[in-house]
Amino acid sequence: MARYQAPRGTQDVLPEDQPYWRWVLGVAHDVAARYGFQPIEVPVFEETEVFVRGVGTGTDIVEKEMYTFEDRGGRSLTLRPEFTAGIVRAYIEHGMRVRPQPVKLYAVGPVFRYEAPQAGRYRQHTQISCECIGEADPLADFEIMCMAWDLYAALGFQAVQFQLNSIGCPRCRPPYIRDVLVPYLRSRREELNALDVERLQKNPLRVLDTKEPESQAVVNEAPSITAHLCPECSEHFAQLRFYLDMLERPYELNPRLVRGLDYYTRTVFEVTAQGLGAQNAVGGGGRYDGLVEVLGGPPTPGVGFAAGIERIVLALKAQGAVPPPLPAPQVFFVHRGRLAKDAAVALADQVRRRGLGALVAFGERSVKAQMRQASKAGAEYVVIIGDDELAHGEVQVKHLDTGRQEAVVQAELVAWLHKRLTAAHSAP
RNA sequence: GCGGCCAUAGCUCAAGGGUAGAGCACCUGGUUGUGGCCCAGGAGGUUGUGGGUUCGAGCCCCACUGGUCGCCCCA
Numbered sequence: 007m008a009r010y011q012a013p014r015g016t017q018d019v020l021p022e023d024q025p026y027w028r029w030v031l032g033v034a035h036d037v038a039a040r041y042g043f044q045p046i047e048v049p050v051f052e053e054t055e056v057f058v059r060g061v062g063t064g065t066d067i068v069e070k071e072m073y074t075f076e077d078r079g080g081r082s083l084t085l086r087p088e089f090t091a092g093i094v095r096a097y098i099e100h101g102m103r104v105r106p107q108p109v110k111l112y113a114v115g116p117v118f119r120y121e122a123p124q125a126g127r128y129r130q131h132t133q134i135s136c137e138c139i140g141e142a143d144p145l146a147d148f149e150i151m152c153m154a155w156d157l158y159a160a161l162g163f164q165a166v167q168f169q170l171n172s173i174g175c176p177r178c179r180p181p182y183i184r185d186v187l188v189p190y191l192r193s194r195r196e197e198l199n200a201l202d203v204e205r206l207q208k209n210p211l212r213v214l215d216t217k218e219p220e221s222q223a224v225v226n227e228a229p230s231i232t233a234h235l236c237p238e239c240s241e242h243f244a245q246l247r248f249y250l251d252m253l254e255r256p257y258e259l260n261p262r263l264v265r266g267l268d269y270y271t272r273t274v275f276e277v278t279a280q281g282l283g284a285q286n287a288v289g290g291g292g293r294y295d296g297l298v299e300v301l302g303g304p305p306t307p308g309v310g311f312a313a314g315i316e317r318i319v320l321a322l323k324a325q326g327a328v329p330p331p332l333p334a335p336q337v338f339f340v341h342r343g344r345l346a347k348d349a350a351v352a353l354a355d356q357v358r359r360r361g362l363g364a365l366v367a368f369g370e371r372s373v374k375a376q377m378r379q380a381s382k383a384g385a386e387y388v389v390i391i392g393d394d395e396l397a398h399g400e401v402q403v404k405h406l407d408t409g410r411q412e413a414v415v416q417a418e419l420v421a422w423l424h425k426r427l428t429a430a431h432s433a434p
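Start counting the first sequence at 7; every next residue gets the next number (the numbering used here).
This is how it looks when you write it as C-alpha cells:
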C-alpha cells in the first residue's frame, strides 16, 4: 500500500480518463466561444471576504465548507468554493463596466469545498463557469440556459432535465416569505419534519426544496413564489419562458427550486442527469442582480451558469459514451545494433520535425520485445533498422494493422510516412 | 457533521483462527532480426494504520485513516 494518498475528497485524473476530460473541455470551450464568452483566469484563492460577502453568510458554503487559511502576512484567504464571486471581483477591479456591456466571461478550473465526499462529490472538483455581467434582459438568461443545453447536447447527453424557477428580487421576495410562506408553513407546522421546522426558523425558503417525505404534502400545497412576484419579476420570468418555448428548449417548472447561494435573484435553474446516484446535478445557475453591488461595484445585473466536469464525465461513462481518442505517436523505431540505434534516433528526429509522432525503443532489447512495445504503444508503422538495412541505406517499414512490410530508402522515409499518415486522417 | 457497508499484488477477487493465492496487467524467453493469439518462466504483499484477544490473527474486538452508499448540501 502506498504510503501517501491523495487527500480525502481529491482525486487523480489518470491518462486513461483524460480523453473524457479533453472531450468535455473542448466542447465547453467551443460552445462558450459560440455564444461570445471570453476566457478569463482568476486566482484559486481570494480574500476570504470576497466569498463571505459574495456567496452569503447564511449559506452552507460560507458557514461550514470553505478552505480558509491565513498566509504568512496575516491575510485571511480562502480557496475558491465557486467561480462567480471571483469573476465579479475581477469585473469590478478591472473597471469592466466601461467595456461594451454585457461582459461575458467564462473560466474553468478547480473549486474547493470541505464536504463529506461521496459518489460525484469531491472536496476539489472542476467547474466551468460562465458569467454574463451587465445585462438584465431575460434574453441573457435564455442564452445562458440555451448554452448549457447546447453543452450537454453536444456531448450526446441522454435525459438531461432542466428545472426552472424564479425566486424574485429584494422587492418581492421578502414580503412573500414574511407574509405568505412563513404564515402558511406555521399553520401546518405540525405536519413538518423536525429538520424543516428548524429550517423554517433559519431559512424558510429552503423548506420548499426539502426532501423529507413527511413534509412533502405541506410543501406541495405551499403558495408558490411565482404567484407572488412583483410585476417586473413576473414579466421577466414570462419573457424567459417565452424564449425557451419558442426555441423548444425542454424544461420543467419547479416552484420549489431554491438554490443554496444567497446572491441569486429571479431566474434559478438546475440541470440533472442520470446515472449519478444521489448527486445528480451536473449544472446549475441563475441570475444575481445584486452581486456586483455587494462586492463594491455599481448596481449591475448578471446571470451565470456552472457545470461540474467530474459529474459530466461520470454521467458520460454511465451512458457508455466513447470519447475521441488522444493522439499518440504513430511511428515506432525498432533497431538492432549500435549503429542502427543511432540511425533510428536521427530518423525519429526527422519524423518529429515533420510534425509526426515518433518513438524509439530504449535499451537494446530483442527485436521481438521491441515489436511488442510498438504494438502496445498503438503505433501504426514500425520502422525496423538493422545491419542489412544500414548497408543498403534502407529501412523496413511494417504496417501493424495489415502486417505488410516493405523496404523504404532512408532518405525518403520521412516523406513516405508523412504521405501515408496525413492522407489517412484527412479522409472523412 | 451523522448513519450503513467496505479495505488482501498495479487492477478484479480467493484464502473454515494454523506457512498468503488466482485471473488480468507488467517483464523475459519459446534459437540466429518481427507485434497481437498461444505456451513457459519471472518480478510484484510487513493483508490500509495502530492497538488488543489468542500458543497462533488476513480472519475476532477497538480506534484511526481512506473508500463507498445514504442524510445534509450541491456541481
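In this text, a Cβ means the ideal position worked out from N, Cα and C, and glycines have one as well.
Whole-angstrom distance between residue j and residue i, CA atom to CA atom
| i | j | result |
| --- | --- | --- |
| Gly42 | Lys110 | 7 Å |
| Phe275 | Ser82 | 32 Å |
| Asp348 | Gly392 | 11 Å |
| Val104 | Asn260 | 37 Å |
| Gln280 | Arg127 | 15 Å |
| Gly296 | Gly162 | 35 Å |
| Ala228 | Glu220 | 14 Å |
| Arg208 | Ile98 | It is worth fixing the name first, because residue 208 is Lys in this sequence and not Arg. Rounded to whole angstroms, Lys208 to Ile98 spans 32 Å at the Cα level. |
| Asp407 | Gly32 | 30 Å |
| Glu241 | Pro330 | 44 Å |
| Tyr73 | Arg262 | 30 Å |
| Phe57 | Phe338 | 52 Å |
| Ala125 | Ala324 | 13 Å |
| Ala433 | Arg410 | With a pLDDT of 42 at Ala433, under the threshold of 50, the predicted position of this residue should be treated as unreliable, and no value is reported. |
| Leu6 | Val225 | Residue 6 is absent from the model: the chain starts at 7 and stops at 434. |
| Tyr26 | Ala321 | 11 Å |
| Arg192 | Asp23 | 50 Å |
| Arg359 | Arg265 | 53 Å |
| Pro123 | Arg129 | 7 Å |
Pick from the options that is closest to residue i, judged by C-alpha positions
| i | options | result |
| --- | --- | --- |
| Ala113 | Arg265, Gly326, Val366, Gly314 | Gly314 |
| Ala287 | Asp268, Glu316, Ala364, Val300 | Glu316 |
| Val61 | Trp422, Asp268, Leu161 | Asp268 |
| Phe118 | Met102, Pro144, Thr84, Glu137 | Thr84 |
| Tyr158 | Arg410, Ala383, Val277, Val48 | Val277 |
| Ala385 | Lys404, Ile183, Val373 | Lys404 |
| Pro45 | Tyr120, Thr232, Gln11, Cys138 | Cys138 |
| Leu301 | Arg59, Ala142, Pro123, Leu365 | Arg59 |
| Cys175 | Glu412, Glu47, Thr232, Arg255 | Thr232 |
| Arg184 | Val298, His234, Asn199 | His234 |
| Gly140 | Val420, Leu332, Pro106, Ile150 | Pro106 |
Under 8 Å between C-beta atoms of residue i and residue j
| i | j | result |
| --- | --- | --- |
| Cys236 | Cys152 | no |
| Arg78 | Val50 | no |
| Asp147 | Val309 | yes |
| Arg212 | Arg205 | yes |
| Ile173 | Arg14 | no |
| Gly291 | Ala312 | yes |
| Glu197 | Ala160 | no |
| Tyr294 | Thr90 | yes |
| Gly361 | Gln336 | no |
| Val186 | Pro210 | no |
| Leu48 | Ile318 | It should be pointed out that residue 48 corresponds to Val in this sequence rather than to Leu. In this structure, Ile318 does not lie closer than 8 Å to Val48 by Cβ. |
| Ala367 | Gln376 | yes |
**Message:** Could you check whether the region 164-180 touches the region 36-56, counting it as contact only if at least three pairs of C-beta atoms, one from each stretch, sit closer than 8 Å?
**Reply:** no
**Inside the region 385-427 only - alpha helix (DSSP H) runs reaching at least 4 residues** = 393-398
**Request:** Kindly confirm or deny that the region 411-419 and the region 385-401 touch, where touching means at least three C-beta pairs closer than 8 Å.
**Result:** yes
**Every unbroken alpha helix (DSSP H) within the region 307-373, with a cutoff of 4 residues, ordered by chain** = 315-324, 344-359
**Asked** Are there three or more Cβ pairs, one per stretch, closer than 8 Å when the region 18-26 is compared with the region 295-311?
**Response** no
**Request:** Any chance you could list the beta strand (DSSP E) runs of at least 3 consecutive residues sitting entirely within the region 140-187, in chain order?
**Result:** 167-172
**Asked** In chain order, which continuous runs of the alpha helix (DSSP H) of length 4 or greater are located wholly inside the region 235-292?
**Response** 237-252
**Asked** Counting only runs that start and end within the region 203-227, where is the alpha helix (DSSP H) found for 4 or more residues in a row?
**Response** 210-213, 222-226
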